[in-house]
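Participant:
Numbering (the numbering used here), first residue to last: 545 to 874.
Written as structure tokens, this is what we have:
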């Protein structure tokens, strides 16, 4: 299998590093790089010993089997559809597209051309999250009542998208994956504190059909703490916390209000469970290779990518209209 990495900027460099490791392991047979910034791609070519394609047409016409698209979001639909129509399987970084309309067109072309279309929802491959989902499905936590996420820091905002598409798209998908279903409604409020038209702070509330709630706080304008990346899942029996900055740990709290014989606070303390950790990006790209070889859908398939964009659009509409948006009513 020969892979072309298109887009070699900040995150693209990580993709190139992992693909080089997979090439060395024999997972893929050959690699080529392309970027419209020649100095950037040539620097990576020297660093990792991977040749550079002359242009995008050479990739589309050549013997490339799959394209890994790590370009700006507004180019995903156009470049991705070109690649699939040229017979290439496609991995595309999240968000899969800039709008649900573009994402639906990509899905339609993938089906029409029988190509693999995989969006980069990397948290589907996060070891602690996978272990937490196992705990939930075993019933260790009981019914999930609430989910809380904080992704906050102080940084200069991106000028191409706000926190909803950049960060929130991770968490709406994580909540859907934990619950095994989409929310019935999404409510969102945002602030544009720094750049006009770019929300740098957002609060999202997701309500699920069984009444469970998901609360998401995303912010690039949060100076009072160090970088925070935390998920708490509150269950009827037990609760669990994942600090994404400590990716091989889950903290489990055996604390609850017992209402079996009146109301009683039960506190059995907490414990830290260690989980096997491997780099999510590596596992993600391995899954893409497996999907291309087997023609079976990856763990993060194109419908997951479409649903995530639709949920972010619902959040954006909610913030604009000041009301909860029912999924399917956008």
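Where is the CB? At the ideal position from N, CA and C, for every residue including glycine.
#1: Following the continuous alpha helix (DSSP H) through residue 825, name the residue where it begins and the one where it ends.
#2: Return the Cβ separation of residue 888 and residue 748 in integer angstroms, given the expectation that the two are a contact with Cβ distance under 8 Å.
#3: Helix, strand or coil for residue 585? Go by DSSP, reduced to three states.
#4: Could you spell out where the beta strand (DSSP E) holding residue 662 opens and where it closes?
#5: For residue 515, tell me which candidate among 624, 616 and 591 has the shortest Cα-Cα distance.
#6: Taking Cβ to Cβ, would you say residue 846 is nearer than 8 Å to residue 651?
#7: Could you pull the DSSP bridge partners for residue 550 from this structure?
#8: Nearest-angstrom Cα distance between residue 628 and residue 605?
#9: Based on DSSP bridge pairs, tell me the residues matched to residue 637.
#10: Around the C-beta of residue 807, are 16 or more other C-beta atoms found within 10 angstroms, so that it is buried, or is it exposed?
#11: Is there a Cβ of chain B sitting closer than 8 Å to that of residue 685, yes or no?
#12: Looking only at its chain, what residues have a beta carbon closer than 6 Å to the beta carbon of residue 706, apart from the 5 residues adjacent to it on each side?
#13: In the structure shown, what three-state DSSP assignment does residue 857 receive?
#14: If I'm right that residue 633 touches residue 559 with Cβ under 8 Å, what's the distance once you round it to whole angstroms?
#15: Check whether the Cβ atoms of residue 730 and residue 852 lie closer than 8 Å to each other.
#16: Which same chain residues end up closer than 7 Å to residue 689 when comparing Cβ atoms and leaving out the 5 residues on each side of it in sequence?
#17: Just list the residues that DSSP pairs residue 818 with in beta bridges.
#18: How should residue 840 be labelled, buried or exposed, when 16 other C-beta atoms within 10 angstroms of its C-beta is the threshold for buried?
#19: Considering residue 644, what are the terminal residues of the alpha helix (DSSP H) in which it resides?
#20: Would you report the Cα separation of residue 600 and residue 669, rounded to the nearest angstrom?
#21: Please tell me whether residue 885 and residue 701 are closer than 8 Å, where the distance is taken between their beta carbons.
#22: In the DSSP output, which residue or residues are listed as bridge partners for residue 736?
#23: In angstroms, rounded to a whole number, what distance separates the CA positions of residue 865 and residue 557?
Facilitator: So, from the listed chains and residues:
#1: Counting along the chain, the alpha helix (DSSP H) containing residue 825 begins and ends at 824-838.
#2: Nothing can be reported for residue 888: it is not among the residues displayed for the chain, which extend from 545 to 874.
#3: helix
#4: 661-664
#5: The structure shown does not extend to residue 515, since the chain is modelled only from 545 to 874, so the question has no answer here.
#6: yes
#7: 578 and 613
#8: 12 Å
#9: Paired residue(s): 664.
#10: exposed
#11: Here chain B cannot be found, since the structure has a single protein chain.
#12: 742 and 743
#13: helix
#14: The Cβ separation is near 15 Å, so there is no contact.
#15: no
#16: Counting only residues of its own chain and dropping the five nearest sequence neighbours on each side, residue 689 has a CB closer than 7 Å to the CB of 756, 778, 779 and 780.
#17: 793
#18: The residue is exposed, with fewer than 16 neighbouring Cβ atoms inside 10 Å.
#19: 644-657
#20: Their backbone Cα atoms lie some 30 Å apart in a straight line.
#21: The chain is shown only over 545 to 874; residue 885 falls outside these bounds and no answer can be derived.
#22: DSSP lists no bridge partner for residue 736.
#23: 39 Å
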